[in-house]
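Chains as they are written, first to last, in my numbering: chain A, 1 to 324; chain B, 325 to 588. Idealized CB from N, CA, C, for every residue including glycine.
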Amino acid sequence: MALLTAENIQVTFQTRDHAPSHALRGASLTIQAGEIIAILGESGSGKSTFAKVLAGARLGGAQCVGTLRFKGGQWGSVGSRSSADVGARGIAMIGQQASLVLNPFLRARTQLAEFVQAHGVTRQQIAGRVHELLEVVRLRPAERYAAKYPHQLSGGEKQRLSIAMALACGPEIVVCDEVTSSLDTVTEAEILELFSSLRAERRVSVLWITHNPLRVRNFADRVAVMYAGRFIEIGPTANVLDSPLHPYVAELMRCAKSGISVHEDRKGARLASIPGAAPDAFESFAGCSFAPRCAEKRDTCAQKAPENASTEGRGEVECVLYER
Amino acid sequence: MSVEAAALALRVSNLNFQYKKRLTGKIAGIGAAAGLADISFEIRAGETLSIVGKSGSGKSTLVKCIVGLVRPDSGDIFIARMDYLHAAGPARKAIRRKVQAVFQDSASSLSPRMTVEEIISEPLAIHRVGNAQSRRERTRSVVDAVGLPYSFLTRRSAELSGGQRQRVAIARALSVEPELLILDEPLTALDLSIKAQLSNLLAELQEQFGVAYLHISHDLFGVAALSDRVAVMHGGRIVENADRTALFTNPVHLETRSLLAEML
Ligand SMILES: Nc1ncnc2c1ncn2[C@@H]1O[C@H](COP(=O)(O)OP(=O)(O)O)[C@@H](O)[C@H]1O
Ligand SMILES: [Mg+2]
Chain A
1 MALLTAENIQ
11 VTFQTRDHAP
21 SHALRGASLT
31 IQAGEIIAIL
41 GESGSGKSTF
51 AKVLAGARLG
61 GAQCVGTLRF
71 KGGQWGSVGS
81 RSSADVGARG
91 IAMIGQQASL
101 VLNPFLRART
111 QLAEFVQAHG
121 VTRQQIAGRV
131 HELLEVVRLR
141 PAERYAAKYP
151 HQLSGGEKQR
161 LSIAMALACG
171 PEIVVCDEVT
181 SSLDTVTEAE
191 ILELFSSLRA
201 ERRVSVLWIT
211 HNPLRVRNFA
221 DRVAVMYAGR
231 FIEIGPTANV
241 LDSPLHPYVA
251 ELMRCAKSGI
261 SVHEDRKGAR
271 LASIPGAAPD
281 AFESFAGCSF
291 APRCAEKRDT
301 CAQKAPENAS
311 TEGRGEVECV
321 LYER
Chain B
325 MSVEAAALAL
335 RVSNLNFQYK
345 KRLTGKIAGI
355 GAAAGLADIS
365 FEIRAGETLS
375 IVGKSGSGKS
385 TLVKCIVGLV
395 RPDSGDIFIA
405 RMDYLHAAGP
415 ARKAIRRKVQ
425 AVFQDSASSL
435 SPRMTVEEII
445 SEPLAIHRVG
455 NAQSRRERTR
465 SVVDAVGLPY
475 SFLTRRSAEL
485 SGGQRQRVAI
495 ARALSVEPEL
505 LILDEPLTAL
515 DLSIKAQLSN
525 LLAELQEQFG
535 VAYLHISHDL
545 FGVAALSDRV
555 AVMHGGRIVE
565 NADRTALFTN
575 PVHLETRSLL
585 AEML
């Protein structure tokens, strides 16, 4: 069953001295219970805005359109009071910088206790629940970590503590926005491992936001690629990484793979790259957002936006090449 | 001077540096910065050495020694065949012109209110190169070389994207015709497709201007395409320094293997 459905989410920020900023231009995604989805996109593509919409965060004065459904029930329009309530109960969000949520003056157990308390646990249960959460995020031995202050933790440990805080409310979906982007790859691998077991043990769904396609292969069930505020390709991980449908995703994977193919023996060999840059949020365009950079574009691409096409077993794509 | 020595853009020999006790306490607290232990390597004119190592391995300390922000305890640094550590006054300034640097976060080092033209021509003014007219011409030629249109000259750095800002930083560094460019993780913060564009640009610029690169990176992604040699740093030492093909196909040190394993 679909746990959460986001339909045609559009978010436009009104800025004082600029044109309106279109952070999301109609993003749709369905998340199944117990599923790990990687959201892959370059900076400015709208990933964080999408995460905030799901988590029910306030989007300071932005104009929001679209619907969210949680377990089949309508949950109100995006950015409304009711969506914030559901978000607060069922969906937890973790960001790139643990330091933003950790209080430097509190021991781990005190920080966690505050979160546990806020979610209807009796006084007697608090200590036990704190211990359990530290165990869940593998901060072991829990007694020792409970007494530590944030500055006594490594970057990876701080991130684990912030994950424990997010799990305090018993969420069904955890949205992770570039959680490992400032960590080294070994620590990143440990955190991926942690989320894999959380999913296995507790059946939580994970929305894993990242800009690095090389790290999601053995982790995510599906990959959703975001470009200029829309999901332009969604499919099973191996398909998206190894035989992508959308020309942008194909080019992106060529970039990624040429950076790790180390066997060419001639110096001066060039990496695969994509000319130009993605449109920024201030631009408006009628047709396909990738058309200006696309090697396979047709005459119509600049004028007509592509329709969403489902391909048998390989997922969905928004590109004229797949329209029927 | 031997014929071979004449062709060196950078020679670092037996460099040692320890952070002072008072500082190490603090630094260790935020994740350990190694000093430098007996670092020696060379970069030939027009070639690239990449130094790769995890965070805390000492890469940034090494860069600080070479750009003169930190004074090593012992050892020698020859830049463009001139003794950098023992030079003073105008001689030191002349050497400083031969080595320029591009950092990961050039946004923080470029004043947001300066125009691109001011940013790029600033080193020319500092080193009193030519007159106003020739500086303007030089600025236009490097802007062109890094693939930005002239219309960018009047923009301010705050209006640029991350990739454009790195292009400006590269143009600024090239303006004074250095022999050596220090590239301290210049691509790390960029998106993949932009990273690849800039890596290719750096390769082209080296072919065009014959400038040598000391390229610093915390991982091996894209390093093969840019390098002649690759050195691996670990705990303040260079633990392996090999021809690029040899390093990737026949890594010897454990740290090198671990970096290679991380790549995939
Ligand atoms: N508060 C805001 N006001 C104006 N524009 C914004 C705001 N937040 C995000 N944007 C714009 O929306 C676009 C998408 O941003 P974001 O969701 O942060 O992307 P990502 O997380 O993929 O980097 C960007 O162009 C950004 O500048
Ligand atoms: Mg973001």
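*asked:* Measuring straight from C-alpha to C-alpha, what distance separates Gly-560 of chain B and Ile-403 of chain B?
replied: Against the second sequence, residue 560 of chain B aligns to sequence position 236. Against the second sequence, residue 403 of chain B aligns to sequence position 79. If you take the alpha carbons of Gly-560 of chain B and Ile-403 of chain B, they lie about 21 Å apart.
*asked:* Can you tell me which residues form a DSSP beta bridge with Val-556 of chain B?
replied: Here residue 556 of chain B refers to the residue found at position 232 of the second sequence. Bridge partners of Val-556 of chain B: B:Val-376, B:Glu-564.
*Rounded to whole angstroms, how far is the Cβ of Leu-339 of chain B from the Cβ of Leu-360 of chain B, which I believe are closer than 8 Å?*
Numbered from its first residue, the second sequence carries residue 339 of chain B at position 15. Numbered from its first residue, the second sequence carries residue 360 of chain B at position 36. Correct: roughly 5 Å between the Cβ atoms.
*Just the C-alpha distance for Ala-146 of chain A and Ser-154 of chain A, rounded to the nearest angstrom, thanks.*
As a first step, residue 146 of chain A must be located in the first sequence, where it is residue number 146. As a first step, residue 154 of chain A must be located in the first sequence, where it is residue number 154. If you take the alpha carbons of Ala-146 of chain A and Ser-154 of chain A, they lie about 14 Å apart.
_chain B contact for Glu-42 of chain A (CB, 7 Å cutoff)_ = Mapped onto the first sequence, residue 42 of chain A falls at position 42. Yes, contact with chain B.
*Is it true that the CB of Arg-480 of chain B sits closer than 7 Å to the CB of Arg-416 of chain B?*
As a first step, residue 416 of chain B is located in the second sequence; it is residue number 92 there, counting from the start. As a first step, residue 480 of chain B is located in the second sequence; it is residue number 156 there, counting from the start. In this structure, Arg-480 of chain B does not lie closer than 7 Å to Arg-416 of chain B by Cβ.
*When you check each C-beta in the stretch 189-220 of chain A against every C-beta of chain B, which residues fall closer than 7 Å?*
His-211
*Three-state secondary structure (DSSP) of Phe-357 of chain A*: Nothing can be reported for residue 357 of chain A: it is not among the residues displayed for chain A, which extend from 1 to 324.
*Return yes when at least one heavy atom of ligand 2 lies under 6 Å from the C-beta of Ser-181 of chain A, else no.*
Indexing the first sequence from 1 puts residue 181 of chain A at position 181. Result no, Cβ not under 6 Å from ligand 2.
*asked:* For a test of the three-state rule: what should DSSP assign to Ser-154 of chain A, helix, strand or coil?
replied: Reading the first sequence from its first residue, position 154 is the one you call residue 154 of chain A. Looking at Ser-154 of chain A - three-state DSSP - the assignment turns out to be coil, as it is neither helix nor strand.
*Helix, strand or coil: which one does DSSP assign to Ile-540 of chain B?*
Stepping through the second sequence from its first residue, residue 540 of chain B is reached at position 216. Correct three-state label for Ile-540 of chain B: strand.
_Please tell me whether Thr-185 of chain A has its Cβ less than 7 Å away from any Cβ of chain B._
Residue numbering aside, residue 185 of chain A sits at position 185 when the first sequence is read from its first letter. Yes, because at least one Cβ of chain B sits closer than 7 Å to the Cβ of Thr-185 of chain A.
*Just the Cα atoms here: how many angstroms apart are Arg-568 of chain B and Ser-551 of chain B?*
To locate residue 568 of chain B, count along the second sequence from 1; it is residue 244. To locate residue 551 of chain B, count along the second sequence from 1; it is residue 227. Computed Cα separation, rounded: 7 Å.
_Ser-337 of chain B - DSSP class collapsed to helix/strand/coil_ = Your numbering for residue 337 of chain B matches position 13 in the second sequence. Three-state DSSP puts Ser-337 of chain B in a strand.
_Exposure of Tyr-537 of chain B, with buried meaning 16 or more beta-carbon neighbours within 10 Å_ = Within the second sequence, numbered from 1, the residue matching residue 537 of chain B stands at position 213. By the neighbour-count rule (16 or more Cβ atoms within 10 Å), Tyr-537 of chain B is buried.
*Keeping to the same chain, check which residues put their C-beta closer than 8 Å to that of Val-249 of chain A; ignore five residues upstream and five downstream.*
Here residue 249 of chain A refers to the residue found at position 249 when the first sequence is read from its first residue. Val-225, Ile-232, Glu-233, Val-240, listed in sequence order.
*Residues of its chain near Ala-286 of chain A, where Cβ-Cβ distance is below 6 Å and the 5 sequence neighbours each way are ignored*: For the purposes of this step, residue 286 of chain A is taken as residue 286 along the first sequence, with counting starting at 1. Cβ neighbours of Ala-286 of chain A beyond the five flanking positions: Gln-303.
_Contact set for Ala-98 of chain A: own chain, Cβ-Cβ below 6 Å, skip 5 residues either direction_ = Residue numbering aside, residue 98 of chain A sits at position 98 when the first sequence is read from its first letter. Answer for Ala-98 of chain A: Lys-158, Gln-159, Ser-162, listed in chain order.
*For Gln-521 of chain B, decide whether its Cβ has a neighbour in chain A, counting only Cβ atoms nearer than 7 Å.*
In the second sequence, residue 521 of chain B corresponds to position 197, counting from 1. It does: the Cβ of Gln-521 of chain B has a partner Cβ on chain A nearer than 7 Å.
_Less than 6 Å separating the Cβ of Lys-47 of chain A from some heavy atom of ligand 1?_
For the purposes of this step, residue 47 of chain A is taken as the residue at position 47 of the first sequence. Flag set: Cβ of Lys-47 of chain A near ligand 1.
*asked:* Looking at ligand 1, does it come within less than 6 Å of Thr-385 of chain B, judged from the CB to the closest heavy atom?
replied: Here residue 385 of chain B refers to the residue found at position 61 of the second sequence. Result no, Cβ not under 6 Å from ligand 1.
*Pull out every residue of the stretch 509-537 of chain B whose Cβ sits closer than 8 Å to any Cβ of chain A, in chain order.*
Asp-515, Leu-516, Ser-517, Ile-518, Lys-519, Ala-520, Gln-521, Ser-523, Asn-524, Ala-527, Glu-531
*asked:* Threshold first: 3 residues or longer. Then list the beta strand (DSSP E) segments lying entirely within the stretch 405-439 of chain B, N to C.
replied: 423-427
*When DSSP builds the beta bridges, which residues end up paired with Asp-177 of chain A?*
Counting from 1 along the first sequence, the entry for residue 177 of chain A is found at position 177. According to DSSP, Asp-177 of chain A bridges with A:Ile-209.
*Sorry if obvious, but does the Cβ on Thr-15 of chain A come closer than 6 Å to a heavy atom of ligand 1?*
In the first sequence, residue 15 of chain A corresponds to position 15, counting from 1. Yes; taking the cut-off as 6 Å, the Cβ of Thr-15 of chain A has a heavy atom of ligand 1 nearer than that.
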